[in-house]
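Enquirer: In the working numbering, the protein residues as written are 38 to 426.
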Amino acid sequence: MRTQVAIVGAGPAGLLLAQLLHLRGIDSVVLEAKSRHYIEHRVRAGVLEHQSVDILNEAGVGARMMREGLLHHGLMLRFSGQVHRIDLTALTGRAVMIYGQQEVVKDLVAARVATGSPLHFEVEDVQPQEFDTDRPRVLFRSGGTQQVLECDYIAGCDGFHGPCRVSISPTELKLFERVYPFAWLGILAETPPASEELIYANHERGFALLSMRSPTVSRLYLQCAPDESLENWPDERIWSELQTRLGSGRDLDLRIGPILQKGVTPMRSFVAEPMRHGRLFLAGDAAHIVPPTGAKGMNLAITDVYLLAEALARHYRDGQDDRLNEYSATCLRRIWKVQRFSWWMTMLLHRFSDDSEFDRRRQLAELDYITSSRVGAQSLAENYVGLPL
Ligand code: RFL
Ligand code: PHB
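(1) Identify, in the order they occur along the chain, each residue of the same chain with its Cβ nearer than 7 Å to the Cβ of residue 53, setting aside the five sequence neighbours on each side.
(2) May I ask you to report which of helix, strand or coil DSSP gives residue 45?
(3) List the endpoints of the continuous beta strand (DSSP E) containing residue 298.
(4) To the nearest angstrom, how far is the alpha carbon of residue 287 from that of residue 114?
(5) I need the DSSP call for residue 76, collapsed to helix, strand or coil.
(6) Is it true that the CB of residue 190 sits closer than 8 Å to the CB of residue 395?
(7) What residue range does the beta strand (DSSP E) around residue 134 cover?
(8) Bridge partners for residue 191 per DSSP, in chain order?
(9) Taking residue 426 as the reference, which of 38, 377, 86 and 78 has the closest Cα?
(10) Can you look up residue 373 in the DSSP assignment and give me helix, strand or coil?
(11) What residue range does the beta strand (DSSP E) around residue 161 cover?
(12) Determine the direct distance from the alpha carbon of residue 364 to that of residue 311, and round the result to whole angstroms.
(13) How about residue 322 and residue 168: are their beta carbons less than 8 Å apart?
(14) Kindly provide the chain-ordered list of residues whose Cβ lies closer than 5 Å to any non-hydrogen atom of ligand 2.
(15) Residue 368: beta carbon under 7 Å from a heavy atom of ligand 1?
(16) Cα separation between residue 44 and residue 200?
(17) The beta strand (DSSP E) with residue 243 in it runs from where to where?
(18) Report yes if the C-beta of residue 191 is less than 7 Å from at least one heavy atom of ligand 1; otherwise report no.
(19) So, at 6 Å on beta carbons, what are the nonlocal neighbours of residue 215 in its own chain, with the 5 sequence-adjacent residues on each side left out?
(20) Residue 56: which of 98, 377 and 378 sits nearest, CA to CA?
(21) I want to know whether the stretch 418 to 425 touches the stretch 125 to 132 - three or more CB-CB distances under 8 Å.
(22) Do residue 49 and residue 150 have their beta-carbon atoms positioned less than 8 Å apart in this structure?
(23) Answer yes or no: do residue 299 and residue 236 have a C-beta to C-beta separation smaller than 8 Å?
(24) Ignore the nearest five residues each way along the sequence and tell me which others in residue 285's own chain have a CB closer than 8 Å to its CB.
(25) Could you tell me whether any Cβ in chain D is nearer than 8 Å to the Cβ of residue 327?
(26) If the criterion is Cβ atoms closer than 8 Å, does the pair residue 67 and residue 157 meet it?
Here is the structure:
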């Protein structure tokens, strides 16, 4: 079996890369460990930067997003018992789109299937090999049969736990990591969003976030312990904690509804440098993780593969490798700014177990500054809607 680009992983990064390459006349094979049903129902991120919206539209997979997605022109910050609106559009001229990651994945899988190009689900034992030579290949098993996929390039879009990054010699990678002393308990619930816009709450009992997926489905998060067991969180406790932290009763009417899905997301900041090793290119969560407070994980995956597709197109179309050579540095420059923003939002909104009274006052003063100074608000807004490519 042979292709131009072997893509490991069918998350937003791998699937979008496959579609962008297809549009540029470049062949690829996508290898995914899970089933189609599994990846189409994995509940994760939900906020698309304006630029991600443009890229998905340009890739020809944006029609349903434009119909069903919710365009948001602002967000709410809640602290000290009050809510303050950050008017994203007035401050930046841009808006963000609320559209679930699993919906993006469904649209991308449908587009891939329509091209008739290979997308293999439930493959096992994926091993990227020989990427430091001119003849890289990927070994894998599919339906019990051992396969060899020869290629020009390998795209490691296999998430944080995938095989690509770990196949690189540790001496060639520099890893940067910060693990936070808390996690997010996230639920998807059948209840109309209690607010038209997202609410990020800094409460003395911990962070809470109100988000949504549709006019009838809410997505809600609570700061919890990093090793939290869901057994400690019966539905009544989740709702009561959300109501307290989001201030339901006074400003807002958060109605209890059936919980469709529950999960705990650990919080970490992680970067592996560089993102290229010979003919292996890492993209998305395979190369970096951000804590979800800034809503950036899926957006970084989208911008990485957009740059990678352009670089590969330049190679195949013009015979020039300049963009491929610059890929890692170009991505990392943006990634570190997004790392900074995601870290900053996390530090601003969560309670730390060792918070001193000084830290608490400083956090509230910073929130007060952001919500009372146009410059303060603008910096948040500019990062939230997305920095330019
Ligand atoms: P993905 O989506 O993880 O996709 C990687 C794909 O690679 C597959 N894979 C393999 N395939 C073949 N062989 C192997 N050996 C493989 N190992 C793995 C996986 O099955 C998967 O299909 O990475 P990608 O494409 O880079 O996209 C990044 C985003 O998914 C991610 O940044 C965000 O979803 C982060 N994130 C969240 N962000 C938010 O803004 N809000 C959230 O609520 C939120 N929740 C989450 C999240 C990430 C999570 N992970 C990765 C732990 C919840 C979770 C659980
Ligand atoms: C979500 O809707 O899942 C979501 C929204 C904003 C975030 C993180 C997750 O910062």
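Heads up, the beta-carbon is just placed ideally off N, CA and C, and yes, glycines get one too.
Expert: Taking the coordinates as given:
(1) 96, 145, 339 and 342
(2) strand
(3) 296 to 310
(4) 15 Å
(5) helix
(6) no
(7) 133 to 135
(8) 43 and 317
(9) 86
(10) helix
(11) 161 to 166
(12) 9 Å
(13) no
(14) 83, 84, 248, 256, 329 and 332
(15) no
(16) 12 Å
(17) 243 to 251
(18) no
(19) 306
(20) 98
(21) yes
(22) no
(23) no
(24) 231, 279 and 291
(25) Reference to chain D is not applicable here, since this structure consists of a single protein chain.
(26) yes
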